[in-house]
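Protein chains: 2
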Amino acid sequence: MTDPSPAAGKPIRTAIADEDGIDFAIIELFFFAYRDFTSDPDQILAEYGFGRAHHRVLHFVNRRPGLTVAELLDVLKITKQSLARVLKQLIDTDHIVQVQGPRDRRQRELYPTAKGRALALALARPQSRRIRAALEDSGATERATIERFLEAMVNPELRAQIDIVPAQTSGKNHGDH
Amino acid sequence: MTDPSPAAGKPIRTAIADEDGIDFAIIELFFFAYRDFTSDPDQILAEYGFGRAHHRVLHFVNRRPGLTVAELLDVLKITKQSLARVLKQLIDTDHIVQVQGPRDRRQRELYPTAKGRALALALARPQSRRIRAALEDSGATERATIERFLEAMVNPELRAQIDIVPAQTSGKNHGDH
DNA sequence: GAAATTACGTCAATAGTACTGACATAATTC
DNA sequence: GAATTATGTCAGTACTATTGACGTAATTTC
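Residue numbers (full-length UniProt numbering), protein chains in the order written: chain A, 1 to 177; chain B, 1 to 177.
So, in structure tokens, the structure goes:
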């Protein structure tokens with residue numbers, strides 16, 4: 001009963017390895033790294049009754065204040081219905097406000113409130129600490145390498161989403177106003 | 001109605017930025033990278049009616065053939081009940097077999113079948129391709145830097161999980177207890 | 001000015017992954 | 001024999017996500 005049924009395939013007892021030309025080492029590291037990376041804010045979010053979805057919305061609204069619902073959907077790659085509940089909760093709890101679009105009054109521009117800004121920072125803080133520690137461990141000069149690697153991991157056609165970020169150390173961006 | 005209610009906080013119109021001492025650049029890159037990294041296998045999994053959870057189980061059973069249910073739970077950081085359904089499906093579809101533990105017959109050692117090995121490879125292939133391309137983009141010599149960075153992103157007390165990776169071919173360093 | 005399109009919101013139903021708590025069984029250990 | 005351990009399973013719940021349908025208001029098109 002606990003042994004494989006007669007029809008079932010035989011157990012393979014050798015470990016899959018990088019020999020197969022596949023980079024299991026980094027695949028696995030990426031899994032572990034992301035697992036622990038998200039565990040930090042998850043704990044804070046739980047106190048608010050929020051989940052990871054709230055974090056993502058909060059993050060991008062703070063990064064790109066004034067983005068519309070449609071733009072947010074495009075960045076998150078989720079559906080309108082999935083966003084609806086999460087966004088409503090963030091608005092109801094006064095973390096995000098909607099402002100009627102100036103050009104097109106059908107649009108709702110999304111902005112963080114002071115409360116929403118504060119929460120976004122609180123969530124990012126432990127993640128940033130973890131990154132800083134990891135950068136130090138791996139030699140502080142290697143930041144550019146890691147940034148380039150992560151960017152290269154994103155689908156080329158979606159890399160535009162990254163460049164829309166607000167002004168930062170890197171030069172390229174549009175004049176946000 | 002679409003405007004902020006009187007009681008609500010005022011919209012903040014400036015973007016949050018790295019000035020706040022927080023590394024939003026890498027936080028965001030990590031999100032995008034992981035989003036697209038998981039999208040590759042997700043498409044294959046959908047054909048089987050499987051989800052991301054199946055992938056993770058399949059991955060680790062292939063990486064560490066013979067691991068027990070308890071060990072798997074510890075690596076994945078999920079509960080027994082969450083694993084149950086996923087593992088059952090993988091066993092029912094003949095991707096994984098259970099073998100009674102040799103020393104302790106209560107234990108079920110988990111092994112991939114040929115079918116399970118093939119699927120694990122198929123799922124890892126596009127991910128590995130993406131990693132290879134990203135490594136090339138960021139300069140092939142930088143692999144060690146990125147590996148160290150990702151490892152440093154994992155909680156120190158959980159880093160042991162990474163070292164349990166299989167012996168490449170044989171001769172494993174099984175630091176038993 | 002009427003019609004079509006767009007942006008957004010909402011309702012209903014469903015799925016996948018996770019959770020807690022409780023209980024059962026078999027094997028091992030004390 | 002009793003306690004503990006490894007595993008399996010049941011019931012109930014939560015969160016995030018899905019598709020499809022429909023409504024409303026604003027803009028665009030003809």
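Beta carbons: idealized from backbone N, C-alpha and C, even for Gly.
Distance check for R143 of chain A and G51 of chain B, CA to CA, integer angstroms please. To locate residue 51 of chain B, count along the second sequence from 1; it is residue 51. To locate residue 143 of chain A, count along the first sequence from 1; it is residue 143. Roughly 33 Å separates the two Cα atoms.
Alpha carbon to alpha carbon, how far is residue 184 of chain B from S138 of chain A? Outside the displayed span of chain B (1 to 177) sits residue 184 of chain B, for which this structure offers no information.
Cβ-heavy atom distance, Q98 of chain A to the ligand NAD, below 6 Å: The ligand NAD is not among the ligands present in this structure, which contains no ligands whatsoever.
Any Cβ of chain B within less than 7 Å of the Cβ of F37 of chain A? The residue labelled residue 37 of chain A in the question sits at position 37 within the first sequence. Judged by the 7 Å Cβ criterion, F37 of chain A is in contact with chain B.
How long is the line joining the alpha carbons of R56 of chain B and L83 of chain B, rounded to whole angstroms? Counted from its first residue, the second sequence places residue 56 of chain B at position 56. Counted from its first residue, the second sequence places residue 83 of chain B at position 83. Looking at the two C-alpha atoms, the distance is approximately 10 Å.
When you compare each of B:G9, B:P11 and B:A17 to A124 of chain A by their alpha carbons, which one comes out closest? On the first sequence, residue 124 of chain A is found 124 positions in, with the first residue counted as 1. Residue B:A17 is the option with its Cα nearest to A124 of chain A.
I need the straight-line Cα distance from A152 of chain A to L67 of chain B, nearest angstrom please. Here residue 152 of chain A refers to the residue found at position 152 of the first sequence. Here residue 67 of chain B refers to the residue found at position 67 of the second sequence. C-alpha separation (whole angstroms): 34 Å.
Looking at C-alpha atoms only, which residue of A:T14, A:I91, A:P11 and A:R35 is the closest neighbour of K115 of chain A? Position 115 of the first sequence, counted from the start, is the residue given in the question as residue 115 of chain A. The shortest C-alpha separation from K115 of chain A is found at A:I91.
Amino acids of chain A, ordered along the chain, whose beta-carbon sits closer than 7 Å to that of D137 of chain B: As a working note, residue 137 of chain B is residue 137 in the second sequence. The contacting residues are R148 and A152.
Under a CB-based cut-off of 7 Å, is Y34 of chain A close to chain B? What you label residue 34 of chain A is simply residue 34 of the first sequence in a count that begins at 1. So yes, Y34 of chain A belongs to the interface.
8 Å Cβ shell around T79 of chain A - same chain, five flanking residues per side excluded: Here residue 79 of chain A refers to the residue found at position 79 when the first sequence is read from its first residue. If we look at T79 of chain A and ignore the five residues flanking it on each side, its Cβ neighbours are L73.
Proximal residues to H177 of chain B (C-beta, below 6 Å), its chain only, five neighbours per side dropped: Within the second sequence, numbered from 1, the residue matching residue 177 of chain B stands at position 177. Only weak support exists for where H177 of chain B lies, its pLDDT of 32 falling under 50; the value from the coordinates is given anyway. The answer is none, since no qualifying residue turns up.
Apply the 10 Å Cβ neighbour rule to P112 of chain A and answer buried if 16 or more other Cβ atoms are within range, or exposed otherwise. Position 112 of the first sequence holds residue 112 of chain A. Under this definition P112 of chain A is a buried residue.
Per the DSSP calculation, R64 of chain A is bridged to which residue(s)? Working through the first sequence from its first residue, we reach residue 64 of chain A at position 64. Its beta-bridge partners do not exist; DSSP assigns none.
Could you tell me the alpha carbon to alpha carbon distance between D20 of chain B and R13 of chain B, rounded to whole angstroms? The residue given as residue 20 of chain B occupies position 20 in the second sequence. The residue given as residue 13 of chain B occupies position 13 in the second sequence. Their backbone Cα atoms lie some 16 Å apart in a straight line.
Could you run through the stretch 105-121 of chain B and flag, in chain order, every residue whose CB is less than 7 Å away from some CB of chain A? R108, Y111, P112, T113, A114, K115, R117, A120 and L121
Taking C-alpha atoms, which residue in A:D23, A:L29, A:I22 and A:P11 lies nearest to R159 of chain B? Looking up residue 159 of chain B in the second sequence gives position 159. Of the candidates A:D23, A:L29, A:I22 and A:P11, the one whose C-alpha sits nearest the C-alpha of R159 of chain B is A:L29.
7 Å is my cut-off, CB to CB: does A15 of chain A come that close to chain B? By one-based count along the first sequence, residue 15 of chain A stands at place 15. For A15 of chain A, the answer is yes, since a Cβ of chain B falls inside 7 Å of its Cβ.
Under a three-way DSSP split, which group does I26 of chain A fall into? Start at 1 with the first residue of the first sequence, and residue 26 of chain A comes out as number 26. Looking at I26 of chain A - three-state DSSP - the assignment turns out to be helix.
Taking the continuous alpha helix (DSSP H) assigned at E151 of chain A, which residues delimit it? Within the first sequence, the letter at position 151 stands for residue 151 of chain A. R143 to M153 is the extent of the alpha helix (DSSP H) around E151 of chain A.
Given T169 of chain A, which residues of its chain have a CB within under 8 Å of its CB, disregarding the five upstream and five downstream residues? Here residue 169 of chain A is taken as the residue at index 169 of the first sequence, counted from 1. Low local confidence applies: a pLDDT of 39 at T169 of chain A is under 50, so the model's placement there is unreliable, with the coordinate-based value given in what follows. None.
Where does I96 of chain A sit, in a helix, a strand or coil, going by DSSP? Locating residue 96 of chain A in the first sequence gives position 96, counting from the first residue. It is a strand residue.
May I ask you to list, following chain order, the residues of the stretch 123-134 of chain A that have a beta carbon less than 8 Å from some beta carbon of chain B? A124, R125, Q127, S128, R130, I131, R132, A133 and A134
Are the CB atoms of I131 of chain A and I22 of chain B nearer to each other than 7 Å? For the purposes of this step, residue 131 of chain A is taken as residue 131 along the first sequence, with counting starting at 1. For the purposes of this step, residue 22 of chain B is taken as residue 22 along the second sequence, with counting starting at 1. Cβ distance not < 7 Å, so I131 of chain A and I22 of chain B don't count as in contact.
Taking CB distances under 7 Å as the criterion, tell me whether G9 of chain A reaches chain B. Translated into the one-based positions of the first sequence, residue 9 of chain A becomes position 9. Yes, contact with chain B.
Rounded straight-line distance, which links the Cα of D40 of chain A to that of L76 of chain B: Numbered from 1 along the second sequence, position 76 holds the residue referred to as residue 76 of chain B. Numbered from 1 along the first sequence, position 40 holds the residue referred to as residue 40 of chain A. The alpha-carbon atoms of L76 of chain B and D40 of chain A are separated by roughly 16 Å.
Is the Cβ of L29 of chain A closer than 7 Å to any Cβ of chain B? As a working mapping, residue 29 of chain A is identified with position 29 in the first sequence. Judged by the 7 Å Cβ criterion, L29 of chain A is in contact with chain B.
Start-to-end residues for the alpha helix (DSSP H) that takes in L135 of chain B: Here residue 135 of chain B refers to the residue found at position 135 when the second sequence is read from its first residue. Per DSSP, L135 of chain B belongs to the alpha helix (DSSP H) from A114 to D137.
Using only CA atoms, which one of A:A15, A:R35 and A:I96 lies nearest to H54 of chain A? By one-based count along the first sequence, residue 54 of chain A stands at place 54. Cα-wise, what sits closest to H54 of chain A is A:I96.
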